[in-house]
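Participant: In this note's numbering, the protein residues as written are 31 to 217.
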Amino acid sequence: MRTEGTGTVSPTSADAGAVWLESLARRFPDLLAELAPSPTGLRERPGGGAARSTTAPIRLHISDAVRDITDGVVELEEAVRERLGLRSAAPAPVVARLRRIAGLLDRVRELPDLAEHLTEETRRMARRCARELGDPEQMIRLDGRCPACDSVSLRIFPERGAVLCVNPVCRHVVEPAPGDSARGEAS
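(1) Decide if His-202 is buried, meaning its Cβ has at least 16 other Cβ atoms within 10 Å, or exposed.
(2) Apart from the five residues on each side of it in sequence, which residues of its chain come closer than 6 Å, Cβ to Cβ, to Ala-156?
(3) Just grab the DSSP bridge partners of Phe-58 for me.
(4) Leu-144 and Val-110: beta carbons closer than 8 Å?
(5) Does the stretch 171 to 184 come within contact of the stretch 117 to 132, defined as at least 3 CB pairs closer than 8 Å?
(6) What does a CB cutoff of less than 8 Å around Gly-35 pick up in its chain, not counting 5 residues either side in sequence?
(7) Between the Cα of Arg-185 and those of Cys-176, Asn-197, Ile-170, Gly-191, spot the shortest distance and give me the residue it belongs to.
(8) For the putative contact between Leu-172 and Leu-61, defined by C-beta atoms under 8 Å, what is the C-beta separation to the nearest angstrom?
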């Protein structure tokens, strides 16, 4: 993701961190809501009458995802602040920490390895959040034609970091995901 000889991160790579930070900040509250008790009140017992518990059973995979993402955001903020030579920040909720990290992006962009690490970690956490919420991977339509089949079916899959032709006959990989270069040729 670095440009030749300059040691800087390309604009799309640097901006990807901001995209994933925003996605995670927007979706994390939805994940927390999955842990909240049911607003319907008391549940009924099979024999009649209200059950003593007012909450639904906890879904451990959601709880694990919340813990994993929370720990990841805390560690990411600490790493970013340490690398930038800043003192530790006060404890805060995950979304507030994500906003603080986003506020440091201009400085992060000056350090290509830190920008790449931030992008990879925020992508991982945003994908985990989306997966636990049951969201399919989004794709974005691109203008232009596939270099292999000449159809107008190019799509960006941001979670994979890949550009693919979605024509069922073609399925050409225009830009493979990192570590996935054997599946197609980059242009």
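Each residue gets a CB set at the ideal place from its N, CA and C atoms; glycine is no exception.
Facilitator: The structure says:
(1) buried
(2) Trp-50, Ser-53, Leu-54
(3) Per DSSP, none; premise fails for Phe-58.
(4) yes
(5) no
(6) Residue placement at Gly-35 is flagged as unreliable, the pLDDT there being 38, under the threshold of 50; the coordinate-derived value follows with that caveat. Excluding positions up to five away in sequence, the list is empty.
(7) Ile-170
(8) Not really, about 29 Å apart at Cβ, beyond 8 Å.
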